[in-house]
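Colleague: Okay, here's the structure, questions in a sec.
In our numbering, the protein residues as written are 83 to 276.
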């Protein structure tokens with residue numbers, strides 16, 4: 083149900099821009115359709131019900147809303163990697179560098195060690211997957227913490243950019259709710275993987 087709802091919403095309200103950019107800001111990563119996100123959270127709960135999830139991990143900012151709803155379905159906390167050091171961060175940190183496809187720049191990302199440890203079984207959640215740089219950085223942080231990546235949930239995967247396939251080949255359980263096989267900025271056409 084969530085897959086069909088998301089694909090239909092992308093067809094209706096998504097905008098394809100030059101440079102392989104898919105704008106879904108009217109419902110997924112600027113303005114949030116909370117009912118849709120709740121359906122998505124329920125679907126990831128169903129897909130990962132066999133995994134002992136203790137934490138949901140995402141990266142700021144677009145993933146936070148989705149991850150919070152997913153965490154509610156699992157009854158666990160959500161932790162988000164911060165893209166900048168701030169005065170309210172204290173103690174020891176896990177850090178890595180992540181290149182953003184959307185922003186075309188490299189970010190230092192930080193997670194406080196007190197929020198992620200060897201006892202944790204982590205479900206990584208994010209809004210988009212293109213080349214996989216953000217996810218590789220989050221996986222690196224989970225591994226540095228000695229925690230276990232139980233799975234990865236993605237709202238929209240750009241299948242034609244290969245990041246998802248590379249993660250699956252490395253053995254990660256990756257569940258994307260909508261996989262875009264191709265899109266055309268001139269016609270606005272979006273084709274989903276079946």
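C-beta: ideal position from N, C-alpha, C; glycine also.
Just so you know, these numbers come straight off a predicted model, no measurement behind them.
Considering only the alpha carbon of each residue, which of 156, 271, 174 and 200 lies closest to residue 192?
Modeller: 174
Colleague: Whole-angstrom Cβ separation of residue 114 and residue 147, contact assumed at under 8 Å?
Modeller: That belief holds up - the Cβ atoms of residue 114 and residue 147 are roughly 5 Å apart, short of 8 Å.
Colleague: How close, in whole Å, do the beta carbons of residue 137 and residue 158 come, if the pair is a contact with beta carbons under 8 Å?
Modeller: 6 Å
Colleague: For residue 151, which of helix, strand or coil comes out of DSSP?
Modeller: helix
Colleague: Around the C-beta of residue 186, are 16 or more other C-beta atoms found within 10 angstroms, so that it is buried, or is it exposed?
Modeller: exposed
Colleague: Is it buried or exposed for residue 83, if we count other Cβ within 10 angstroms and need 16 for buried?
Modeller: Answer is exposed; the Cβ neighbour count stays below 16.
Colleague: Express the C-alpha separation of residue 249 and residue 273 in angstroms, rounding to a whole number.
Modeller: 22 Å
Colleague: Taking buried to mean at least 16 other C-beta atoms within 10 Å of its own C-beta, is residue 271 buried or exposed?
Modeller: exposed
Colleague: Nearest to residue 265 by CA position, among 241, 221 and 220, is which residue?
Modeller: 241
Colleague: Please state whether the Cβ-Cβ distance between residue 111 and residue 208 is less than 7 Å.
Modeller: no
Colleague: According to DSSP, what are the bridge partners of residue 203?
Modeller: 230
Colleague: Count the other C-beta atoms from every protein chain shown that fall within 10 angstroms of the C-beta of residue 202, then say buried if there are 16 or more, exposed otherwise.
Modeller: buried
Colleague: Buried or exposed: residue 276, going by 16 or more other Cβ atoms within 10 Å of its Cβ?
Modeller: exposed
Colleague: Per the DSSP calculation, residue 142 is bridged to which residue(s)?
Modeller: Paired residue(s): none; residue 142 is not in a bridge.
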